[in-house]
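So the sequence shown is numbered by my numbering: it starts at 49 and just counts up by one.
For glycine and all other residues, C-beta sits at the position ideal for the given N, C-alpha and C.
All remarks here apply to the structure that follows.
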Amino acid sequence: MIGVFDSGFGGLTVLKSIAQRLPEYNYLYLADSARVPYGERSQETVYDYTTQAVDFLFKKGCLLVIIACNTVSSRALRRIQQGFMPGRYPDKKVLGVIRPSAEELLDRGCRKVGILATKGVVDSKIYTEELEGIDPPVEIFYQPCPLLVPIIEAGRHDEDNCDNLVSEYLKRLFNQESAIDTILLSCTHYPILYKSFRRHTPGHVKILSQGPIIADKLGDYLERHSEVEKRLSRGAGRVFFSTGSLEAFDRLALVFYGGPVYARQATLGPPK
Ligand code: DGL
Numbered sequence: 049m050i051g052v053f054d055s056g057f058g059g060l061t062v063l064k065s066i067a068q069r070l071p072e073y074n075y076l077y078l079a080d081s082a083r084v085p086y087g088e089r090s091q092e093t094v095y096d097y098t099t100q101a102v103d104f105l106f107k108k109g110c111l112l113v114i115i116a117c118n119t120v121s122s123r124a125l126r127r128i129q130q131g132f133m134p135g136r137y138p139d140k141k142v143l144g145v146i147r148p149s150a151e152e153l154l155d156r157g158c159r160k161v162g163i164l165a166t167k168g169v170v171d172s173k174i175y176t177e178e179l180e181g182i183d184p185p186v187e188i189f190y191q192p193c194p195l196l197v198p199i200i201e202a203g204r205h206d207e208d209n210c211d212n213l214v215s216e217y218l219k220r221l222f223n224q225e226s227a228i229d230t231i232l233l234s235c236t237h238y239p240i241l242y243k244s245f246r247r248h249t250p251g252h253v254k255i256l257s258q259g260p261i262i263a264d265k266l267g268d269y270l271e272r273h274s275e276v277e278k279r280l281s282r283g284a285g286r287v288f289f290s291t292g293s294l295e296a297f298d299r300l301a302l303v304f305y306g307g308p309v310y311a312r313q314a315t316l317g318p319p320k
């Protein structure tokens, strides 16, 4: 199976795109809804929670895990790939969402990019690191949007208050640089507010959501890595786990995933 992990519901926007692009595989989604948001947690805590999550997914039979969460991908992924995986799961893979998103910015020839993300992603300056030394340079402007994830997780994304926050965060971003040509929604939750971002952004500025980007890059990855692809099971299965309320998960999954979902309870603990 292919595992998809996020701190909450947001990663369902990524799973939706991946499953549309690569429908034949079996997917297992895990949301750590009991402990979301991760955005302001320490690097150590994000690492600990994520080792528990990937351990859970591998024990359930995943061969490959996509860390859909930007906060985890920027704060803990490298340590997981280099320090956790080789000793415990040497024949399995964990991939994140930052590198493929940075590649997409390059493929599209973006020059001045606004990154909207959680505080954790912004503090990591991960896109600056990924795109360092590129010629001609890609300039990155970060804007943290700390209030959006809690509001979205509470199912209040339709409220005026949310639209006002989007408008305010965009104002702060464009105050840093008025000639931004592309905005990357570098948080799995934000695509749910796409219309609001679009409404408050000048028409010539592109707004990119990560779902389709990650789906295309995963397709490319599986083409290049037939040794992984051959071992993936097929059957178009979709299984959902949450550490939080299952009733809330199933209700909000209708919004994020766009179809009925019946989640199962997950309990995470330290890998043994
Ligand atoms: N899903 C996380 C991300 O993409 C945001 C939610 C959180 O703060 O946990 O960054």
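Going straight from the alpha carbon of residue i to that of residue j, what length do you get?
| i | j | result |
| --- | --- | --- |
| Lys219 | Leu60 | 28 Å |
| Gly87 | Thr98 | 13 Å |
| Arg156 | Arg147 | 14 Å |
| Met133 | Arg286 | 25 Å |
| Ser281 | Thr166 | 34 Å |
| Cys110 | Asp139 | 11 Å |
| Arg247 | Lys278 | 44 Å |
| Pro318 | Ser81 | 17 Å |
| Asp54 | Ala116 | 5 Å |
| Ser234 | Ser293 | 26 Å |
| His252 | Asp229 | 7 Å |
| Gly144 | Val120 | 8 Å |
| Ala13 | Ile66 | What the structure shows of the chain is the stretch from 49 to 320, and residue 13 is not part of that stretch, so it cannot be assessed. |
| Lys141 | Asp183 | 31 Å |
| Pro4 | Cys210 | Since the first residue of the chain shown is 49 and the last is 320, residue 4 is not available in this structure. |
| Lys160 | Glu177 | 15 Å |
For residue i, does the three-state DSSP call read helix, strand or coil?
| i | result |
| --- | --- |
| Arg282 | strand |
| Phe57 | coil |
| Thr291 | coil |
| Lys254 | strand |
| Gly181 | coil |
| Arg204 | coil |
| Lys141 | strand |
| Ala124 | coil |
| Pro308 | coil |
| Ile228 | coil |
| Leu233 | strand |
Drop a sphere of 10 angstroms on the beta-carbon of residue i, count the other beta-carbons inside from all chains shown, and report buried for 16 or more, exposed for fewer.
| i | result |
| --- | --- |
| Ser274 | exposed |
| Leu153 | buried |
| Asp206 | exposed |
| Gln258 | buried |
| Ser149 | buried |
| Gly306 | exposed |
| Gln68 | exposed |
| Leu196 | buried |
| Asp208 | exposed |
| Ala124 | buried |
| Glu201 | buried |
| Pro85 | buried |
| Tyr310 | exposed |
| Ser122 | buried |
| Ala101 | buried |
| Lys265 | buried |
With hydrogens ignored, establish whether the beta-carbon of residue i is closer than 6 Å to any heavy atom of the ligand DGL.
| i | result |
| --- | --- |
| Asn212 | no |
| Asp54 | yes |
| Val197 | yes |
| Cys193 | no |
| Thr119 | yes |
| Tyr86 | yes |
| Cys235 | yes |
| Thr166 | yes |
| Gly51 | no |
| Gly58 | yes |
Check the DSSP bridge columns for residue i and list the partner residues they point to.
| i | result |
| --- | --- |
| Lys160 | Glu187 |
| Tyr73 | Arg282 |
| Gly51 | Leu76, Val113 |
| Pro192 | Ala165 |
| Gln313 | Ser290 |
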